[in-house]
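Notes follow the structure.
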């Protein structure tokens, strides 16, 4: 997804999950500053639309470039201006940009229904289900299936040109490291895979199910190494807020 401001200029990109044909679950920091959202569902790579690239190279502002893409016959991906679906963003009412990870949940209500192949969608978790999965000494740690369109690699600032950001759907199977009442941390390494910038809001499915245990929320360093932070979706306040959209586990 690409968040846009009121002028239609692209702000940043995130990931997310369709939980039915008109509701796209993501992170609160992905919706908080947005007036509008455009979403792509292709596996990727999703290239920048040639019309947008040409307009920005010609000196147009991002908003002007997107307006050109919207009015021209689309010959490219439409990225980052016109997606396969669009909608209005909403943010958890208790979200704060200070300790953002405390209520880091967002929702995009699509302008028109989007049907997935086989009508398969993510499923909301039951209340406090993650508490039953917490790692115990001597037991195998729970594995999650993490999905997102973020960077594939990130390097220290001196080698920042090596960032890989092809906007392609990637999957990892990280393991549970720690669980607290608000978020959990998952492994983020070359063995299990993990998340990076742009994966925010993406789903962390429990095991190989379609149940979204949490949304990707934060990392601990600029190279996306170590562990990743996942905001829990199974807590009472989150499920209560999601119910205002008519969504239940």
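Numbering (UniProt numbering), first residue to last: 1 to 249.
Virtual Cβ for every residue (Gly too), placed ideally from N, Cα, C.
- In the structure shown, the three-state DSSP call for residue 149 is coil.
- With a 10 Å radius around the Cβ and a threshold of 16 neighbouring Cβ atoms, residue 47 comes out exposed.
- Inside the stretch 67-107, DSSP marks whole beta strand (DSSP E) runs of 3 or more residues at positions 85-91, from first to last along the chain.
- Within a 10 Å sphere around the beta-carbon of residue 15 sit 16 or more other beta-carbons, which makes this residue buried.
- The residue among 4, 180, 141 and 177 with its C-alpha nearest the C-alpha of residue 64 is 4.
- Around residue 173, the same chain offers 143, 144, 145, 146, 192 and 193 as residues with beta carbons nearer than 8 Å, after the five sequence neighbours per side are excluded.
- As the crow flies, the alpha-carbon of residue 175 is around 26 Å from that of residue 1.
- Rounded to the nearest whole angstrom, the C-alpha separation of residue 102 and residue 245 is 21 Å.
- Around residue 6, the same chain offers 35 as residues with beta carbons nearer than 7 Å, after the five sequence neighbours per side are excluded.
- For residue 184, DSSP records a beta bridge to 179 and 230.
- With 16 or more other Cβ atoms from the protein chains shown falling within 10 Å of its own Cβ, residue 13 counts as buried.
- If you ignore the 5 residues before and after residue 179, its C-beta comes within less than 7 Å of the C-beta of 130 and 134, all in its own chain and listed in chain order.
- The closest CA to that of residue 215, considering only 18, 201, 19 and 110, is found on 201.
- Linking residue 95 to residue 171 through their CA atoms gives a straight-line distance of about 27 Å.
- Apart from sequence neighbours up to five positions away, the residues of its chain that approach residue 43 with a beta-carbon distance below 8 Å are 168 and 169, ordered along the chain.
- Note on geometry: alpha-carbon atoms of residue 117 and residue 20 lie some 12 Å from one another.
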